[in-house]
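Colleague: So the sequence shown is numbered by full-length UniProt numbering: it starts at 1 and just counts up by one. Here a beta-carbon is modelled for each residue, glycine too, at the ideal position from N, C-alpha and C. All figures in this text were calculated on a predicted structure; none of them were measured in a lab. Take this structure first; my questions come after.
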Amino acid sequence: GPSRRRRSPSPPRPCKETFNVFYHEADADTATALTPPWMENPYVKVDTVAAEHLSRWAGGAGGGRPSGRVNRKTLRLGPLSRAGFYLA
1 GPSRRRRSPS PPRPCKETFN VFYHEADADT ATALTPPWME NPYVKVDTVA
51 AEHLSRWAGG AGGGRPSGRV NRKTLRLGPL SRAGFYLA
């Protein structure tokens with residue numbers, strides 16, 4: 001019969017991970033593993049951040065260095081009324 005041409009599958013697309021950024025104001029550096037509680041309240045959500053691009057490693061598997069591209073995003077906190085804050 002006639003030969004069929006098979007298309008090679010598209011390379012897998014990497015997923016872009018997201019994470020949430022929170023802050024908690026404080027007047028002193030008193031945080032421990034238990035306080036303030038690691039939950040949305042008392043922390044205030046600032047934003048959900050997603051990667052604009054993913055780093056690829058130059059030099060092959062198991063070695064090399066990142067491609068040099070950096071993800072950056074400027075976030076605004078506040079208004080702030082205490083001496084400092086924690087980010088989570």
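Please work out which residues of its chain come closer than 7 Å, Cβ to Cβ, to N20, disregarding the five sequence neighbours upstream and downstream, and give them in chain order.
Modeller: K45 and T48
Colleague: Hey, out of A51, P36 and E17, whose CA is closest to H24's CA?
Modeller: P36
Colleague: Considering only their Cβ atoms, is the gap separating Y86 from A33 smaller than 8 Å?
Modeller: no
Colleague: Would you grab the beta carbon distance between E52 and N71 for me? Rounded to a whole angstrom, and I think it's under 8 Å.
Modeller: 5 Å
Colleague: What residue from T18, K73, A50 and Y43 has the CA that sits closest to L80's CA?
Modeller: Y43
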